[in-house]
Structures are given as C-alpha cells and as structure tokens.
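Read top to bottom, the protein sequences are chains A and B.
Under this note's numbering, think of the first position of the first sequence as 3, with each following residue one higher.
Under this note's numbering, think of the first position of the second sequence as 202, with each following residue one higher.
Cβ atoms here follow ideal geometry from the backbone N, Cα and C, with glycine treated the same way.
All figures in this text were calculated on a predicted structure; none of them were measured in a lab.
Okay, so here's the structure we're looking at.
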Amino acid sequence: MTSDQAGPVDGSARTQPGGRAGADGGVPVVSVEGITKHFGSVQALRGVDLEVHAGEVVGLVGDNGAGKSTLVNILSGGYQPNSGTIRVDGQRVSFSSSLDARRMGIETVYQDLALAPDLSVWANIFLGREELVKGPLRHVGWLNRRSMIASAEKDLERTRIRIGSVGSVAGRLSGGQRQAIAVGRAVAWGSRVILMDEPTAALGVEQQERVGELVATVASQGVPVLLISHNLPQVYRICDRVVVLFQGQVVANLRPSECSLDDIVSWITGAALGGRP
Amino acid sequence: MPARLPSAFSRPGTTLTPPRGPAETPVGAPARSRWLHLVDQIGDFWIVGVLVLMVVVFGALAPSLFSRGAWLSISNYSVEYLILAVGQTFVIMTGGIDLSDGAVLGLSGMVSGAVMQSMYNAHASGLLTTVIGFAIALAVGALVGFGNGFLITRLKLPPFIVTLGSLTAVGAAPSLINGGTEISNLPSQIGSLGTSAIGGWVYVTFLIAVVVAVIFGFVLHRTRFGLRTYAIGSNGLSARRAGIDVDRHLIWVYTLSGFLAGLAGMMVMANFNVANPLSGQNDELDAIAAVVIGGASLFGGRGHMLGTFVGTMIISLLVTGLVLVNVNGSWTEVATGIIIVAAVAMDQVRVRLAER
Numbered sequence: 003m004t005s006d007q008a009g010p011v012d013g014s015a016r017t018q019p020g021g022r023a024g025a026d027g028g029v030p031v032v033s034v035e036g037i038t039k040h041f042g043s044v045q046a047l048r049g050v051d052l053e054v055h056a057g058e059v060v061g062l063v064g065d066n067g068a069g070k071s072t073l074v075n076i077l078s079g080g081y082q083p084n085s086g087t088i089r090v091d092g093q094r095v096s097f098s099s100s101l102d103a104r105r106m107g108i109e110t111v112y113q114d115l116a117l118a119p120d121l122s123v124w125a126n127i128f129l130g131r132e133e134l135v136k137g138p139l140r141h142v143g144w145l146n147r148r149s150m151i152a153s154a155e156k157d158l159e160r161t162r163i164r165i166g167s168v169g170s171v172a173g174r175l176s177g178g179q180r181q182a183i184a185v186g187r188a189v190a191w192g193s194r195v196i197l198m199d200e201p202t203a204a205l206g207v208e209q210q211e212r213v214g215e216l217v218a219t220v221a222s223q224g225v226p227v228l229l230i231s232h233n234l235p236q237v238y239r240i241c242d243r244v245v246v247l248f249q250g251q252v253v254a255n256l257r258p259s260e261c262s263l264d265d266i267v268s269w270i271t272g273a274a275l276g277g278r279p
Numbered sequence: 202m203p204a205r206l207p208s209a210f211s212r213p214g215t216t217l218t219p220p221r222g223p224a225e226t227p228v229g230a231p232a233r234s235r236w237l238h239l240v241d242q243i244g245d246f247w248i249v250g251v252l253v254l255m256v257v258v259f260g261a262l263a264p265s266l267f268s269r270g271a272w273l274s275i276s277n278y279s280v281e282y283l284i285l286a287v288g289q290t291f292v293i294m295t296g297g298i299d300l301s302d303g304a305v306l307g308l309s310g311m312v313s314g315a316v317m318q319s320m321y322n323a324h325a326s327g328l329l330t331t332v333i334g335f336a337i338a339l340a341v342g343a344l345v346g347f348g349n350g351f352l353i354t355r356l357k358l359p360p361f362i363v364t365l366g367s368l369t370a371v372g373a374a375p376s377l378i379n380g381g382t383e384i385s386n387l388p389s390q391i392g393s394l395g396t397s398a399i400g401g402w403v404y405v406t407f408l409i410a411v412v413v414a415v416i417f418g419f420v421l422h423r424t425r426f427g428l429r430t431y432a433i434g435s436n437g438l439s440a441r442r443a444g445i446d447v448d449r450h451l452i453w454v455y456t457l458s459g460f461l462a463g464l465a466g467m468m469v470m471a472n473f474n475v476a477n478p479l480s481g482q483n484d485e486l487d488a489i490a491a492v493v494i495g496g497a498s499l500f501g502g503r504g505h506m507l508g509t510f511v512g513t514m515i516i517s518l519l520v521t522g523l524v525l526v527n528v529n530g531s532w533t534e535v536a537t538g539i540i541i542v543a544a545v546a547m548d549q550v551r552v553r554l555a556e557r
C-alpha cells in the first residue's frame, strides 16, 4: 500500500478523485468538510471530509459503530451535524429534513428500507411526491393512480427488478423484493447522488449481483453512488474508491485497483493504523 | 407535487443498457394455493358476509326484521356511530385512537343547543339559528380535536393518554352548561331534520351520515391526504423520510375526528329534538368497535371505509335484532364484544395465511 492511498488519521483526509467519471477533478457533486456529530457523550463523527464526484461509485466501509450510517443520515437530511459543511455542486447547503435532501436530488436506500408495509409498491415509490389528476379534483388532492402505477412499472422495469404487480402490498413481498423496491425507488428519483446503506443485506447472491450491476449502470449515467456495505468483496469489485471510517474518522481513501481486499480489511480493523486510534 | 427530477434513467440522450442475463422471476414469490388465492380475493370484505349472515339469521328468527319500522330503527341507531366511526377510521389508520369523540359529541351539542336556545328566545329566525347552531357544533368539535392533535404532536404524548384526558375533561363540561339539564327550546328545523324520512324509508340524518361516509371514504382511498394517513400508520418514520409533515397531518386528522363528532352531536340533537348533557357517553367505544369489526388494524395502516360502514351496521343490526328476538338488551354488549374479538382474530388468521 502506498502512502497516498491512505489518508491521514487526524480526520482531515481529502478524497482523491478517481474512478470512471470522477477523474476530471472537477467540482464534486456532493462533499462534506469537517463534519462532526455526537449523540450525548458519544462522538459518532469526528471531522469527516468526503467528496463524491460525478459517475463515481464510492464505497464507505468501516466496522460497526464507525459512523457510516450517521454520515449517510446527515447527507440524507435525517440528522443535522453539530459542525461542518455540506456542499452540493459546490454550493453550501443545509438539510433540515429528508425532504430538503430529496429536493436536491439526493436519494437514499436506508438500512431499514423506509417502506410503508401496508401500502402498495407504487404508493411506496411515490410517497411524498404523489401525482395528482388535472382539473378541479386536483384541488382536493385526488391521486392520479393510473399515471403513478404506469410510472412505477416503468421504473422497476428499467431497473430489471421484478416485483410482480406494482399493486402488491409491500409488506407481503419477500425481504429481497422489498429491498428491490427501495433500490428501485432511489434509482428512479435520484438525480444527483444515490446513497445506499446496506442495499444488499437481505438479498440472495443473484440479487446482490443485480444490484451491483444496477449501481454500475447508474454511475455510468453520471449519477454517483455512495455505497455502504459489509459485503467487502462486492465493494471491492464495483467501487471506484473505498473510504474507510474508523471510530468516526476517515482513515483511508483507497482505490481497489491499487490495493488488495486485505488492505481494506486491515484499515477497517485498525491494524493498518499500527495502534494509532 | 414537486416536479420529478430527471433521474438516472430519464436523462435526455441517455439509454440504459439492460444488464446481462435473463429477466428474473420475482424473488421469494410464494406459491399461491387456491385457498390462499381465495383468502386474497375475499380480502378485507369477509365482514360483509358476516353482516349478510346476521340478516339471514335474525330475519329467520324474527321476520319483522324486514319491516319498515325495523329498518328505520336500525338505520336511525347507526347515524351517530357511523359519523363518529368515520372520523375514528382516519385516527385509527394513523395508529392512534380518539377516546374523546363521544364526549366531544356531548359538548358540541350542548354548546350549540345553548346558543340556539338564546337566539331562538331572542326571536332570531329558525333557519338562521339552525345554521349557526351547526356551525358552532362543528367548530367546537374541531377545536377540541385540534387541541388533541396539538398535544399529541407537540408534547409527544400518546394519543390514548391525551384523548383519555379529553374524555374526562370534555365529558364533564356539558353538565356545566344550562345547569346540567337538557335544552329543549330549539328551532323546529332541528326536530324536522331528525324526523324527516325520504319516501318514509330513509331518515335524512341517515342519508347525511352515509354521504359523510362516502365523501370521506373517497378522501381516504383516493386522495393524497388519505394515502398519507395510511402511510403514517403503516410506518411513521418512513412517512417522515418521504418528506411528509407527519405532525401537521396528525393535527388535521384529530381535528377532522372532532369536527365529525360535532356533526354527530347535531344529528343526536335532531333525533331527540333536545340537547342532552348525557349524549355521547361511551359512544366512542361503539365507534372504535365498528372500525375494528370493519377490519381496521389498531396498529394503523390497514382498514377500509366500507368496512367501517359494515361494522357500524353490524352493531346497529345486533341491537335491533336482539330486541326483535326478545333477548335481554345486556346481551347486546356481550355479543358486540364477542364479534370484536372474533373480527380481530379472523383478521389475524387471514393476514397470517396471506403472508405464508
């Protein structure tokens, strides 16, 4: 491993542009600088810097409690950081809710999927962004179900994620199918960046591969993906860069093409730090 | 609706190349047996069969059930419960409960009655007095409902506790009005409303209740408000993440419940042509029972307005039917309790079968 593969461990690591579309070194689509977050006395993030460029697939890995989900929640508007800056296309932004992040084109596949199990597949895809009919009934919020059903079918068809009927109740689908809905929803709406928090956790091997292909396809369209996963072989295979969080800090910024899977594991476990926290 | 942003797959000039491999069959799709298919087809509407069965059984035991008088009795009994149950359906869909709507019914009726009596004594026109009386009852109901919603969302208190408090406080308030005695000097329009029957078969008050159920049935099942109501009850966190202002929505839902309790208060007043401080006592339990019998989940997210209507009619039919077959009225509560438990048990069985 070379020294430029690993960022400093003082939390001031800067990501290196890389990968298929991020090599231009232009303005990152999304970046965070000096993000800190604590919950009571627990310091979850300690000055995290991260950049995600157009077309990149960036893996965010770390042991349990490293701060991965906290960072994703901050980027998706679920948490507000205690300090630090978030930029979208170079502009400083702040998210007071997940709606703010979604309005900026940041979509998230949450670890718990964030589905309403009693609603249909199409309703889950359009929840919060429902389409209304035209005409007077629009003023009473009359849903354009036909349009949303057709769009949902197309969205899922494009992603080759087959659910059966989009009228099916989400809670009656298998875990893999529910995960597929969440992924399909994010892909359908995500225009700037897609955050995926363990998107393959409940999937079988074949479905994991399909999500991997989907991630690569999305990135090839210029939309970057920030992927959190414990599936390190998959992260190693599909990511352009891998950022390692350790105890709330970015400790490494690696390119899989220039390191081994074992190198990544050693950063995750802290072994590569040589005893330094 | 915010404009749909161009997504990864809808950017102009880009074409998605499908990943390699054959189209995948749905993962984990259960093999559907005929029995499960039948269960799915019946869906939430098995309770309609229960209503039909009750009509057949009571009709066989007491043919007078099919008389005009019996029908008027059943439909008239259902009016206040149906209107309350409509509001309760929205509340229960969000995973909440409104224990106060019976008390709100009583309070709104008494406040409205007191105002109408004063106006009528001051020789205001009967029609104007009636219109103002309605407006006041609806406003009082909506105000209490708003208060419930406000406390639930701002203080993060459980709906059960807040509405239990309202039930106690609001339930005592009617006895402070008019010395706790009923108000009887009301415009003739009120009494006419309660006794008028279209074609001799359909009370106007019943028609109003059905129209309310139909309108709010469409609101629940066909509008954004309804969809979000279901979503909040199904998974509140997901609803928040979807950008829904859950607190504001809940305030609207509880306000609606109170509003409809105010309307029910006017219907009860019209039925008896008096405002009675004891009106509405324990009505909330029958309204909740109707919603639950109709297939709604007390955990939220699942239910149907048609089920609520059927549940209300089952309770009303039970009351009249047991009288017609000369069964002690106390058995009505026993039978209602059994039906509630049976309805929930049946629903759970159905859900488990469907999830296999």
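Pairwise C-alpha distance: LYS156/A and GLY538/B: As a working note, residue 538/B is residue 337 in the second sequence. As a working note, residue 156/A is residue 154 in the first sequence. Each residue's Cα considered, the two are about 47 Å apart.
Using only CA atoms, which one of ALA490/B, VAL420/B and SER531/B lies nearest to ALA544/B? Sequence index remark: in the second sequence, residue 544/B carries index 343 (1-based). It is ALA490/B.
Which residues in the same chain as TRP144/A place their Cβ atom closer than 7 Å to its Cβ, once the five residues preceding and following it in sequence are excluded? As a first step, residue 144/A is located in the first sequence; it is residue number 142 there, counting from the start. Within the same chain, TRP144/A has close Cβ partners LEU134 and VAL135.
Comparing the CB of GLN82/A with every heavy atom of the ligand MN, is any distance shorter than 7 Å? For the structure depicted, the ligand MN is absent and the ligand set is empty, with no information on it obtainable.
What would DSSP say about TYR112/A, mapped onto helix, strand or coil? For the purposes of this step, residue 112/A is taken as residue 110 along the first sequence, with counting starting at 1. TYR112/A falls in the coil class under three-state DSSP.
LEU479/B: buried (16+ other C-beta within 10 angstroms of its C-beta) or exposed? If you number the second sequence from 1, residue 479/B lands on position 278. The residue is exposed, with fewer than 16 neighbouring Cβ atoms inside 10 Å.
Is SER262/A buried or exposed, if buried means 16 or more other CB atoms sit within 10 Å of its CB? The residue labelled residue 262/A in the question sits at position 260 within the first sequence. Exposed is the call here.
Strictly below 7 Å CB to CB, what residues from chain A border GLY400/B? Here residue 400/B is taken as the residue at index 199 of the second sequence, counted from 1. Taking the beta carbon of GLY400/B as reference, no residue of chain A falls within 7 Å; the closest one sits roughly 31 Å away.
Those runs of the alpha helix (DSSP H) which lie wholly inside the segment 195-272 of chain A and span at least 4 residues: 207-222, 234-240 and 263-271
Could you pull out every residue in the same chain whose Cβ sits closer than 8 Å to the Cβ of SER577/B, ignoring the five residues on either side in sequence? The displayed coordinates of chain B run from 202 to 557. Any statement about residue 577/B would go beyond what the structure contains.
So, are the CB atoms of LEU256/A and ILE270/A less than 8 Å apart? Position 254 of the first sequence, counting from 1, holds the residue named residue 256/A. Position 268 of the first sequence, counting from 1, holds the residue named residue 270/A. Going by C-beta atoms, LEU256/A is not nearer than 8 Å to ILE270/A.
In whole angstroms, what separates the C-alpha of VAL520/B from that of TYR431/B? The sequence position of residue 520/B within the second sequence is 319, counting from 1. The sequence position of residue 431/B within the second sequence is 230, counting from 1. About 31 Å.
How would you call ARG148/A, buried or exposed, if buried means at least 16 neighbouring beta carbons within 10 angstroms? Start at 1 with the first residue of the first sequence, and residue 148/A comes out as number 146. ARG148/A should be labelled exposed.
CA nearest to the CA of ASP65/A, picked from LEU275/A, ASP264/A, PHE248/A and ALA274/A: Here residue 65/A refers to the residue found at position 63 when the first sequence is read from its first residue. Minimum Cα distance to ASP65/A is reached at PHE248/A.
Could you check where the alpha helix (DSSP H) with PHE473/B kicks off and where it finishes? Within the second sequence, numbered from 1, the residue matching residue 473/B stands at position 272. Bounds of the alpha helix (DSSP H) holding PHE473/B are 447-473.
Does DSSP put GLU53/A in a helix, in a strand, or in coil? Residue mapping note: residue 53/A aligns to position 51 of the first sequence, counting from 1. In the structure shown, GLU53/A sits in a strand (DSSP, three-state: E or B).
Distance, HIS422/B Cα to ARG269/B Cα: As a working note, residue 269/B is residue 68 in the second sequence. As a working note, residue 422/B is residue 221 in the second sequence. Distance between the alpha carbons of ARG269/B and HIS422/B: 33 Å.
Taking the straight line between their C-alpha atoms, what separation do you get for GLY276/A and SER268/A? As a position in the first sequence, residue 276/A is number 274, starting the count at 1. As a position in the first sequence, residue 268/A is number 266, starting the count at 1. The alpha-carbon atoms of GLY276/A and SER268/A are separated by roughly 10 Å.
Please state the DSSP three-state secondary structure of PHE41/A. The sequence position of residue 41/A within the first sequence is 39, counting from 1. Strand.
Ends of the alpha helix (DSSP H) at LEU394/B? Here residue 394/B refers to the residue found at position 193 of the second sequence. Unbroken alpha helix (DSSP H) run through LEU394/B: 389-396.
6 Å CB neighbourhood of ALA188/A in its chain, flanking five on each side removed: The residue labelled residue 188/A in the question sits at position 186 within the first sequence. Residues of the same chain with a CB within less than 6 Å of the CB of ALA188/A, apart from the 5 flanking positions on each side, are GLU109, VAL111 and ILE196 in chain order.
Is DSSP giving ALA46/A helix, strand or coil here? Position 44 of the first sequence, counted from the start, is the residue given in the question as residue 46/A. Strand at ALA46/A.
Return the residue from the list GLN236/A, ASP199/A and VAL60/A that minimises the CA-CA distance to GLU211/A. By 1-based counting over the first sequence, the position of residue 211/A is 209. The option with the nearest alpha carbon to GLU211/A is GLN236/A.
Under 9 Å from the C-beta of VAL207/A: neighbouring residues of chain B: The residue you call residue 207/A lines up with position 205 of the first sequence. Those within 9 Å of VAL207/A in chain B number zero; the least Cβ separation is about 11 Å.
Of the residues VAL475/B, THR331/B, SER367/B and VAL305/B, the one placed nearest PHE460/B, counting alpha carbons only: Numbered from its first residue, the second sequence carries residue 460/B at position 259. Minimum Cα distance to PHE460/B is reached at VAL305/B.
From GLY293/B to GLU260/A, what distance separates their C-alpha atoms? As a position in the second sequence, residue 293/B is number 92, starting the count at 1. As a position in the first sequence, residue 260/A is number 258, starting the count at 1. It is worth fixing the name first, because residue 293/B is Ile in this sequence and not Gly. Cα-Cα distance, rounded: 57 Å.
Taking Cβ positions only, does VAL228/B come closer than 8 Å to chain A? The count along the second sequence starts at 1 and reaches residue 228/B at position 27. With a pLDDT of 35 at VAL228/B, under the threshold of 50, the modelled position of that residue is not reliable, and the figure given next carries that caveat. It does: the Cβ of VAL228/B has a partner Cβ on chain A nearer than 8 Å.
Which residues of the segment 130-155 of chain A have a Cβ closer than 7 Å to any Cβ of chain C? Give them in chain order. The structure shown contains no chain C; its protein chains are A and B.
Endpoints, beta strand (DSSP E) assigned at LEU62/A: Counting from one through the first sequence, the residue named residue 62/A turns up at place 60. Unbroken beta strand (DSSP E) run through LEU62/A: 59-64.
Quick check on DSSP: helix, strand or coil for THR87/A? Taking the first sequence and counting its residues from 1, the one referred to as residue 87/A is at position 85. Here THR87/A sits in strand by DSSP.
Is ALA118/A close to chain B? Criterion is C-beta to C-beta, closer than 8 Å. For the purposes of this step, residue 118/A is taken as the residue at position 116 of the first sequence. Judged by the 8 Å Cβ criterion, ALA118/A is in contact with chain B.
Using a Cβ-Cβ cut-off of 6 Å (strictly less than) and excluding sequence neighbours within five positions of MET320/B, which residues of its own chain qualify? Numbered from 1 along the second sequence, position 119 holds the residue referred to as residue 320/B. Result list for MET320/B: THR330, in chain order.
Buried or exposed for GLN318/B, going by 16 or more other Cβ atoms inside 10 Å? As a first step, residue 318/B must be located in the second sequence, where it is residue number 117. That one is buried.
Beta-carbon neighbours of LEU73/A, restricted to chain B and to distances below 8 Å: As a working note, residue 73/A is residue 71 in the first sequence. The premise fails here: LEU73/A is roughly 16 Å from chain B at the closest Cβ pair, so nothing lies under 8 Å.
Selected residue, minimal CA-CA separation from GLY466/B, among GLY437/B, ALA338/B and ASN386/B: As a working note, residue 466/B is residue 265 in the second sequence. For the residues GLY437/B, ALA338/B and ASN386/B, the minimum Cα distance to GLY466/B belongs to ALA338/B.
Tell me which residues of the segment 245-256 of chain B have at least one Cβ-Cβ distance to chain A shorter than 8 Å, keeping chain order. none
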